[in-house]
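Asks: Have a look at this one.
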Amino acid sequence: MTSPKDLLQKWIGDRAGTERPWLEEQLATLAVPGAPERDLHLFLGFAPRRLGKADLALGPEDLADADAAHPAWQPGDWSVDGAARVLGLLTYNGERRFAETFKDLRRTADAAEMIALYRGLPLYPEPESLHFEVGEGLRSNLKPVFEAIAHNNPYPRDHFDEHRWNHMILKALFIGAALGPITGLQERTNPELARILVQYARERWAAGRPVMEELWPLVSPFAETPEIRAQLDRARAEGRVIEEFVS
Amino acid sequence: MMLIDPHAHMISRTTDDYEAMAAAGVVALIEPAFWLGQPRTFVGTYVDYLSTIVGWERFRAGQFGIRHYCTVGLNSKEANNEELAEGVMEWLPRFALKEGVVAIGEIGYDEQTALEDKYFRLQLTLAKDLGLPVMVHTPHRDKKQGTSRSMDVCEEMGLDPSMVIIDHNNEETVGEVLQRGYWAGFSIYPSTKMGNARMVELLKQYGGERIIVDSACDWGISDCLGVAKTAQLALQSGVPEAVVRAVCYGNALAAYGQSGQMKESDWLSPPAIDQRTLYEGNSILRGGREPVIEEPGTQRRKGLTIE
Chain A
1 MTSPKDLLQK WIGDRAGTER PWLEEQLATL AVPGAPERDL HLFLGFAPRR LGKADLALGP
61 EDLADADAAH PAWQPGDWSV DGAARVLGLL TYNGERRFAE TFKDLRRTAD AAEMIALYRG
121 LPLYPEPESL HFEVGEGLRS NLKPVFEAIA HNNPYPRDHF DEHRWNHMIL KALFIGAALG
181 PITGLQERTN PELARILVQY ARERWAAGRP VMEELWPLVS PFAETPEIRA QLDRARAEGR
241 VIEEFVS
Chain B
248 MMLIDPHAHM ISRTTDDYEA MAAAGVVALI EPAFWLGQPR TFVGTYVDYL STIVGWERFR
308 AGQFGIRHYC TVGLNSKEAN NEELAEGVME WLPRFALKEG VVAIGEIGYD EQTALEDKYF
368 RLQLTLAKDL GLPVMVHTPH RDKKQGTSRS MDVCEEMGLD PSMVIIDHNN EETVGEVLQR
428 GYWAGFSIYP STKMGNARMV ELLKQYGGER IIVDSACDWG ISDCLGVAKT AQLALQSGVP
488 EAVVRAVCYG NALAAYGQSG QMKESDWLSP PAIDQRTLYE GNSILRGGRE PVIEEPGTQR
548 RKGLTIE
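Those protein sequence lines, which keep their order, are chains A and B. Each residue of the first sequence is one higher than the last, beginning at 1 in the working numbering. Each residue of the second sequence is one higher than the last, beginning at 248 in the working numbering.
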């Protein structure tokens, strides 16, 4: 089986054109044990300048390779420069722990870098050590940064506790990020999330605003628990139409 | 007419300003790193400020369909805090290569102290090493001599005048700046530095070559529509359209485009990845509000008033 790093290197190399020797030289430099962080900073800065910002535009076979290399890794909407940045980070062999390097990069990242850094989450070593950093990304007001974590990314499914998971779902609804692209959406729903979502729906109704239909499949497995059932009955009595439960 | 405001401190401005600028035709702007009014006393707060202008502010502008670029640098006022200055200088090279950084700036003199001189020179060297243009802030006080000295030092440090924008010019400084081959920026400030009408007179006298108009809008009394109003008044006053287009759009693009980080295609045909993430074209989003979508190219020029 090919590793995610090897796949990225192949995909980017194939798209690098005349910059391919530069790419290979840079990666060799980054792979040297104890390589200075400055080399990594320069590579991350030059990646879009040298390689461009086109879509990576992977084919179905590539995406199947990605899924085989890391379960549910979906780089379908990655860009060339973003993918190169993740590759640089995976290749870099510095002295500090990964999480410390990552924190430093995140602190000074521009918007596109931040998106790339977070899209790479499922591929990094010691994933649990990035707990704080992921929290910072989820709290970001930059919707695409939030979506870099929440969408087409198995990291939340695999590493979030219930509290963080639930608040990611709620924030997605709040900022208008789609729920559909969240990996593990249905399998990780839970009674507490159902309670939060019904409460959220009540607030939306009170404000005279529509309720996103996509939240109801997350509630329905718990529709018969007493608290949720009472809330739903009350909503029906008030004349609210909840499509998911129309029999 | 498409406009560029190459000097706007948007971190201090409201979303109303972004809406007004977009409606007036501003397609791109440059946010120079500067003093926030309140001095920073920790290197970390300066670092976070630089992160803000390469990250959050760029995103915020993109939501209004305006392309945001910035310059990074240690400004002349805070260069006088040596401990802070030393710390900032360590971080600057990392920020200089961020996406959308089009120059080192705004740097130069405030009170023309020895420390200001030291860090001005160090940053000129950094710009030269990285092949980046420089935005020079000329002092409010002792302006004429401060401007001449800024150019002397640029030349001493081996910079090509075509890579240097001397900003905040007035009638007294512009002649020398143009004669020595630099770009000459004019900040349109209500009632102080340079007004719309004075600017139009200068355009009639000097034409459009290497002249750049900006608003320099910030946390003080200033007008984010400075460029748009000047363009309108100039056209009404019979300044040729090609001149107006040069000073309110083309020259800024040519000068700062030398960084390789600012291209007309950024707003005319942005990469797909940017359209999905960082550049909303004409849609304006706010939590809880439905997006407002306009026809591309629709510019609401009505309602501009000239002071």
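Think of the CB as a built atom: it goes at the ideal place given N, C-alpha and C, for glycine as much as any other residue. No experiment lies behind these values; they were computed from the predicted model shown.
Listed from N- to C-terminal order along the chain, which residues in the segment 105-120 of chain A have their beta-carbon within a distance smaller than 8 Å of any beta-carbon of chain B?
Replies: Listed in sequence order: Arg107, Thr108, Ala109, Asp110, Ala111, Ala112, Glu113, Met114, Ile115.
Asks: For the alpha helix (DSSP H) that A:Ile196 lies in, which residues bound it at each end?
Replies: By one-based count along the first sequence, residue 196 of chain A stands at place 196. 191-206 is the extent of the alpha helix (DSSP H) around A:Ile196.
Asks: A:Gly239 to B:Trp303, Cα distance in whole Å?
Replies: In the first sequence, residue 239 of chain A corresponds to position 239, counting from 1. In the second sequence, residue 303 of chain B corresponds to position 56, counting from 1. Looking at the two C-alpha atoms, the distance is approximately 42 Å.
Asks: Near B:Met249, which residues of its chain fall below 7 Å by C-beta distance, leaving aside the five closest residues on each side in sequence?
Replies: As a position in the second sequence, residue 249 of chain B is number 2, starting the count at 1. Here the set comprises Gly272, Val274, Tyr496.
Asks: By the 10 Å Cβ neighbour count, where 16 or more other Cβ atoms means buried, how is B:Lys549 classified, buried or exposed?
Replies: On the second sequence, residue 549 of chain B is found 302 positions in, with the first residue counted as 1. With a pLDDT of 44 at B:Lys549, under the threshold of 50, the modelled position of this residue cannot be trusted; read the value that follows with caution. Under this definition B:Lys549 is an exposed residue.
Asks: With a threshold of 8 Å on Cβ separation, who are the neighbours of A:Gly13 within its own chain once the five nearest residues in sequence on each side are excluded?
Replies: Counting from one through the first sequence, the residue named residue 13 of chain A turns up at place 13. Only Arg20, Leu23, Glu24 meet the Cβ criterion.
Asks: DSSP beta-bridge partners for B:Gly355?
Replies: The residue you call residue 355 of chain B lines up with position 108 of the second sequence. DSSP output for B:Gly355 lists B:His384 as bridge partner(s).
Asks: Taking the beta strand (DSSP E) that B:His315 falls in, what are its first and last residues?
Replies: Along the second sequence, read from residue 1 onward, the residue named residue 315 of chain B stands at position 68. Here the beta strand (DSSP E) through B:His315 covers 314-319.
Asks: Just to confirm before moving on: does the CB-CB distance between A:Ala150 and A:Glu126 stay below 8 Å?
Replies: Locating residue 150 of chain A in the first sequence gives position 150, where the first residue counts as 1. Locating residue 126 of chain A in the first sequence gives position 126, where the first residue counts as 1. No; because the gap between Cβ atoms is not below 8 Å, this pair is not in contact.
Asks: Over what stretch of residues does the alpha helix (DSSP H) that includes A:Asp6 continue unbroken?
Replies: Indexing the first sequence from 1 puts residue 6 of chain A at position 6. Residues 4-15.
Asks: Would you please state the rounded distance, in angstroms, between the beta carbons of A:Ala47 and A:Ala84? I believe it to be under 8 Å.
Replies: Along the first sequence, read from residue 1 onward, the residue named residue 47 of chain A stands at position 47. Along the first sequence, read from residue 1 onward, the residue named residue 84 of chain A stands at position 84. Indeed they touch by this definition, with Cβ atoms about 4 Å apart.
Asks: Give the range of the alpha helix (DSSP H) segment to which A:Gly88 is assigned.
Replies: As a working mapping, residue 88 of chain A is identified with position 88 in the first sequence. 80-91 is the extent of the alpha helix (DSSP H) around A:Gly88.
Asks: How long is the line joining the alpha carbons of B:Val421 and B:Asp399, rounded to whole angstroms?
Replies: The sequence position of residue 421 of chain B within the second sequence is 174, counting from 1. The sequence position of residue 399 of chain B within the second sequence is 152, counting from 1. Rounded to whole angstroms, B:Val421 to B:Asp399 spans 15 Å at the Cα level.
Asks: Given the structure, does A:Gly82 come close to the ligand PLP, in the sense that its CB is under 7 Å from one of the ligand's heavy atoms?
Replies: Of ligands this structure carries none, so the ligand PLP is not represented either.
Asks: Since I believe B:Met410 is in contact with B:Gln483 (beta carbons under 8 Å), could you give me their beta-carbon distance rounded to a whole number of angstroms?
Replies: Here residue 483 of chain B is taken as the residue at index 236 of the second sequence, counted from 1. Here residue 410 of chain B is taken as the residue at index 163 of the second sequence, counted from 1. Contact doesn't hold; Cβ gap of about 34 Å is too wide.
Asks: Would you check if the distance between the CB atom of B:Gln381 and the CB atom of B:Leu406 is smaller than 8 Å?
Replies: Counting from 1 along the second sequence, the entry for residue 381 of chain B is found at position 134. Counting from 1 along the second sequence, the entry for residue 406 of chain B is found at position 159. Here residue 381 of chain B turns out to be Val, not Gln, going by the sequence shown. It is a contact, given that the beta carbons lie within the stated cut-off.
Asks: Note down, in chain order, all residues in the segment 277-308 of chain B with a beta-carbon under 7 Å from any beta-carbon belonging to chain A.
Replies: Answer set for the segment 277-308 of chain B: Val294, Ser298, Val301, Gly302, Trp303, Arg305, Phe306.
Asks: To the nearest angstrom, how far is it from the Cα of A:Leu58 to the Cα of B:Leu371?
Replies: Numbered from 1 along the first sequence, position 58 holds the residue referred to as residue 58 of chain A. Numbered from 1 along the second sequence, position 124 holds the residue referred to as residue 371 of chain B. Spanning the two alpha carbons is a distance of roughly 43 Å.
Asks: For B:Ala519, decide whether its Cβ has a neighbour in chain A, counting only Cβ atoms nearer than 8 Å.
Replies: Walking along the second sequence from the start, residue 519 of chain B turns up at place 272. At least one chain A Cβ lies under 8 Å of B:Ala519.
Asks: Can the beta-carbon of A:Leu44 be found closer than 8 Å to that of A:Glu113?
Replies: Taking the first residue of the first sequence as 1, we reach residue 44 of chain A at position 44. Taking the first residue of the first sequence as 1, we reach residue 113 of chain A at position 113. For A:Leu44 and A:Glu113, yes; Cβs fall inside 8 Å.
Asks: Mapping the DSSP letters down to three states, classify B:Cys464 as helix, strand or coil.
Replies: The residue labelled residue 464 of chain B in the question sits at position 217 within the second sequence. B:Cys464: strand per DSSP, three-state reduction.
Asks: List in chain order: all unbroken alpha helix (DSSP H) runs of 4+ residues lying wholly within the segment 462-526 of chain B.
Replies: Segments of the alpha helix (DSSP H) lying fully in the segment 462-526 of chain B: 473-483, 488-492, 498-503, 512-515, 519-524.
Asks: Which residues in the same chain have their Cβ closer than 7 Å to the Cβ of A:Pro191, if we skip the five residues on either side of it in sequence?
Replies: Counted from its first residue, the first sequence places residue 191 of chain A at position 191. Here the set comprises Phe222, Thr225.
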